Every structure is written in C-alpha cells, then in structure tokens.
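If you count the sequence shown from 1, position 158 lands on 175 in the working numbering, and the numbers rise without skipping.
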Amino acid sequence: MTPAPAVVYYGDDFTGATDTLGTAARAGLRALLFLETPDAARIERAGPLDVLGIAGAARAMTPEAMQAELAPVAALFRSLGACVLHYKTCSTFDSAPHIGSIGAAVRALRDAVEQPWTAIVGGQPNLGRYCLFGHLFAAAGAGGEVFRIDRHPTMSRHPVTPMHEADLRRHLAAQGLADVHSMPFTAASKDSDALEAALQRVLQPPSSATPPDAVLFDVGDATQLATIGQVLWARAQRHTVLAVGPSSVVDALAPALDSRNGAELAQRVVTPASGPVLVLAGSLSPVTARQVAAARSFDTVWLDASAMAQRDAVTLERHARDIANGLASGRNVLACTRSLDPLPLERGIDAQALARAGGELLAHVLALVPLQRVGIAGGDTSSHAVQALGAWGVSYVADIGAGTSLCRVHSDEAALDGLEIMLKGGQMGSDDVFERLVHGSP
Numbered sequence: 018m019t020p021a022p023a024v025v026y027y028g029d030d031f032t033g034a035t036d037t038l039g040t041a042a043r044a045g046l047r048a049l050l051f052l053e054t055p056d057a058a059r060i061e062r063a064g065p066l067d068v069l070g071i072a073g074a075a076r077a078m079t080p081e082a083m084q085a086e087l088a089p090v091a092a093l094f095r096s097l098g099a100c101v102l103h104y105k106t107c108s109t110f111d112s113a114p115h116i117g118s119i120g121a122a123v124r125a126l127r128d129a130v131e132q133p134w135t136a137i138v139g140g141q142p143n144l145g146r147y148c149l150f151g152h153l154f155a156a157a158g159a160g161g162e163v164f165r166i167d168r169h170p171t172m173s174r175h176p177v178t179p180m181h182e183a184d185l186r187r188h189l190a191a192q193g194l195a196d197v198h199s200m201p202f203t204a205a206s207k208d209s210d211a212l213e214a215a216l217q218r219v220l221q222p223p224s225s226a227t228p229p230d231a232v233l234f235d236v237g238d239a240t241q242l243a244t245i246g247q248v249l250w251a252r253a254q255r256h257t258v259l260a261v262g263p264s265s266v267v268d269a270l271a272p273a274l275d276s277r278n279g280a281e282l283a284q285r286v287v288t289p290a291s292g293p294v295l296v297l298a299g300s301l302s303p304v305t306a307r308q309v310a311a312a313r314s315f316d317t318v319w320l321d322a323s324a325m326a327q328r329d330a331v332t333l334e335r336h337a338r339d340i341a342n343g344l345a346s347g348r349n350v351l352a353c354t355r356s357l358d359p360l361p362l363e364r365g366i367d368a369q370a371l372a373r374a375g376g377e378l379l380a381h382v383l384a385l386v387p388l389q390r391v392g393i394a395g396g397d398t399s400s401h402a403v404q405a406l407g408a409w410g411v412s413y414v415a416d417i418g419a420g421t422s423l424c425r426v427h428s429d430e431a432a433l434d435g436l437e438i439m440l441k442g443g444q445m446g447s448d449d450v451f452e453r454l455v456h457g458s459p
C-alpha cells in the first residue's frame, strides 16, 4: 500500500497550486498536482508522494460553492492519514466575504483535522510578500517597490477582490474568522523552542480566557519560515493541523520533511522550446503588461474581451483560427485579452466570464494545432484554461522565475499527455518570462 503523504494541499487557483508544486519539488520532495480530487486508484498509480496537491478554483467561488468544492478534499485528507492539510491562498490574500472567502474555506475544512485551531502563515519572502504585526505588504512585481497591501497599485484595485484592508486579522474577520491571534515576527526570530512556548501561551490561556480560532504567523524572512515549519510539523505529527496561506506553508515545512525520503534535489533548467509556443495573457496587471511588451519573439493577437465575455461563438471561432494559423506556420503567438476601447479594460466586462472564455479558446486552439509548450498568464484564466483541457494532473519540470513554474501535463488523451505548460499569476514572473518560455533559461 502506498504510504501517506505528509501534506495534502488544495490550491484556490491553478497558478498558485503550481507554485506550491514547484516549491515542494525544488526542495527535493516528491510532489504531484492533481487537477481534481483523485480516487484511490489514481493515487496508487501515482506512487509515493510527500506532497499531494489538488488544483481548484475556490478563489472565484461563492461560499456555498466552496463548501461543495472542498468537502471531497476534507474527506480525502481524513482517508489518507496525512499530517498537514494546507489550504493554499494567493500570497496577497485577496479574497472577499462573497467570493473566494478564506473564512469559508476554513469552515469547510477545519473538521477534517484534529487541532481545534488553524495556522495562518502570513508572508512569502521569495515573492516579496511580508507580514509584520499582522499587516501584509507586497512588492509590485519581481524586485519592485514594496507597498502595504491596501495601497498596492494593483491589488488595491483588483477587479474581483480588491484589497482595502492591510491588517489580515480584520480582513479575515470580515470573512467570519473573528478570533485570529497575531504571532509577531519577533517570536519566530528567536528559535523554535521560543516560538513553541509563545504558541502554547496563546493556545492554553488562563481558564478565564478562550483560545483563538486561528493564529496568524508573521513572516519577515526565510529564517522565520523555517522556525515556523519546525513548530507546525512537530505539532502535526501528534495531531493533524489545518494550515492556511501561500506556498510558504510548504516552504516552511520542507526542511522538516526532508528526512522522510532520500529524494535528490534536482537542478532543473528550462530548455528552448522545440516548436511554436502559445501564450494566453488573460491578466490585465501592470506586471503582465510589461511582460507582453517585452515579448519580442511573438506575433500578438489582440482578443476582443467584450465579445468573448459574452460568449460570442463567432468571435471565439475567429480568434481560435487566427491563433492556430499563426502557430501552424511556425510562429509563436501571444494572445492578449483587451477591449477594442483604448482603455486597458472596458467597464462592465465580467472578469469570470472572460476567464472561462479564455479556457474555451485554448481548448479550441489545441484541437486545431498540436503544441508542445504553452503559457497562461492570469490566475482565473489559468484555472479555467486547464479545466477545459481535460487533464488529470501536472508535475514540475523547471523554474522559470519566482512564482512561475513550467509543468508537464498528465492526461489520458495522448495528444495532451506530456504538454508543457506555464501557469503564471498576473503579478508573477520577470519581465522576460515569455521570452524564457521560448528560448529557455539564460
């Protein structure tokens, strides 16, 4: 019988899920990302895993839909005997009470674990995400200026879940997590014994006080992450725990999990593409805009976002054939969603409908012309695009940059099995990430 993984994680969108997959693989852990909750036979065929991932789209769901989405994940975790259940959020924690609610996710998953409290890891330093005294800060692009999240030039204006509150305790309270205790970075800056002692004081208060429902761990640097991971893993081996946060949860646990197997840490680089490459850019962030501008090896096809969001079949067919014709002639194609209006985004466009249309477009193009490598920019677009392909899983191939991994598709369809795919959040990647997808790592 296949041994239980140490960690089961659910990614609330596909780009985030692949980032966690890459984090685990680069740490030498055996990891595989399933594109739906797998059954026992699929898990058995996958072989021994340290980290079992499930890619989802809860970030774009209502609380009611999230409950139905996460119930099978909770059941799988209980059946496997894993130690940590990780609900993987975006590193910017963008969410809202009515859509992608982190509070709703906790309510759906907490009965699957033994610990009565939830661990929330608040930062991911390798992506420029920091949590200090409960407040979240984020860089604007790779190596960019760091802003408090409610003043971030992109995340404060996100079209679906704008971040208007930097204090994650207040942000999560609006989603139903009213009692979140902040564990300051000063506690994790000492050592694991000091952090464990501080955590015990919080979770075992005097008889007159009630322990919190969740503990939010500040993260200022990678050293603090390792300390948090030691404490969480020691507790999880005694009683299973729910951990919420970005890929830094697995990053924190990885040093403790390294002793579980002898997997060799592979140095993997992106090789040049062996054929034409398609990139579908559904994100409208300034970071993606810079990447589009730097994509000199591509022919650009501008997509009519308004017509696509309205599921206009004629427009989808026309775009698919234009893209397929370019690829069939051997040219790389960059397909960008935008309105015909000169403004960056025409007001009134349904972002979710546009993302779903992007997935339909990708599936249509791949039916017209076989490809070996594609890239998707935009969290929601990536989620819907991969769902439209009908694959069952992805594994890590190589790192293209911070928060950006190249993966291999696993599918029962021979035409899709082995397809290399980059799934990139709108804020992730260097300016030349699309060029790297074509030409390989420098």
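Quick reminder that beta carbons are idealized off the backbone N, C-alpha and C, glycines included. The structure presented is a predicted model; accordingly, all values stated were derived computationally and were not measured.
**Report entry** SER291 versus GLN389 - alpha carbon distance
**Finding:** 7 Å
Requested in this report: Look at the Cβ atom of VAL68, then the Cβ atom of ALA34, and state whether they are nearer than 9 Å.
Outcome: no
Query raised in the report: DSSP three-state call for GLY98: helix, strand or coil?
Result: coil
Query raised in the report: Roughly how many angstroms separate the alpha carbons of LEU233 and PRO293, rounded to a whole number?
Result: 45 Å
Query - Continuous alpha helix (DSSP H) assignments of at least 4 residues falling wholly in the region 317 to 397 - result: 322 to 326, 330 to 345, 368 to 385
**Report entry** Integer-rounded CB distance, given that LEU274 should sit under 8 Å from LEU46
**Finding:** 6 Å
Query raised in the report: Thinking C-alpha only, which one of GLY392, VAL286, ASP268 is nearest TYR26?
Result: ASP268
Query raised in the report: Which same chain residues, not among the five before or five after LEU440, have their C-beta less than 6 Å away from its C-beta?
Result: PHE31, THR32, THR35, ILE393, SER399
Requested in this report: Look at ALA341 and LEU297 and say whether their C-beta atoms are less than 9 Å apart.
Outcome: no
Query raised in the report: Among the residues of its own chain, which have a CB less than 6 Å from the CB of THR343, if the five just before and after it don't count?
Result: Residue identity differs from the one stated: residue 343 is Gly in this sequence, not Thr. Excluding positions up to five away in sequence, the list reads ASP316, VAL350.
Query raised in the report: Taking the alpha-carbon positions, what's the ALA155 to GLU452 distance?
Result: 25 Å
Query raised in the report: If we count the other Cβ atoms within 10 Å of its Cβ and call it buried at 16 or more, is SER263 buried or exposed?
Result: The identity of residue 263 in the sequence shown is Pro, whereas the question assumes Ser. So PRO263 counts as buried.
Report task. Counting only the same chain and skipping the five closest in sequence on each side, list residues whose C-beta sits under 6 Å from that of VAL266. Result -> HIS103, VAL138, ALA260
**Report entry** Beta-carbon spacing of GLU86, ALA74 below 9 Å
**Finding:** yes
Query raised in the report: Using a Cβ-Cβ cut-off of 7 Å (strictly less than) and excluding sequence neighbours within five positions of ASP167, which residues of its own chain qualify?
Result: SER173, MET180, HIS181, GLU182, ALA183
**Report entry** Nearest residue (CA-CA) to PRO289, options LEU189, THR178, CYS424, LEU454
**Finding:** LEU454
Report task. Return the residue from the list ASP434, ALA405, LEU52, GLY376 that minimises the CA-CA distance to PRO387. Result -> ASP434
Query raised in the report: Between which two residues does the beta strand (DSSP E) harbouring ALA129 extend?
Result: Careful: ALA129 lies outside any beta strand (DSSP E) and carries neither H nor E.
Query raised in the report: Rounded to whole angstroms, how far is the Cβ of VAL197 from the Cβ of LEU189, which I believe are closer than 8 Å?
Result: 5 Å
Requested in this report: Could you pull out every residue in the same chain whose Cβ sits closer than 7 Å to the Cβ of THR19, ignoring the five residues on either side in sequence?
Outcome: ILE60, GLU61, GLY64, PRO65
Query raised in the report: Based on Cα-Cα distance, which residue from ALA72, VAL309, ALA122 lies nearest to GLY407?
Result: ALA72
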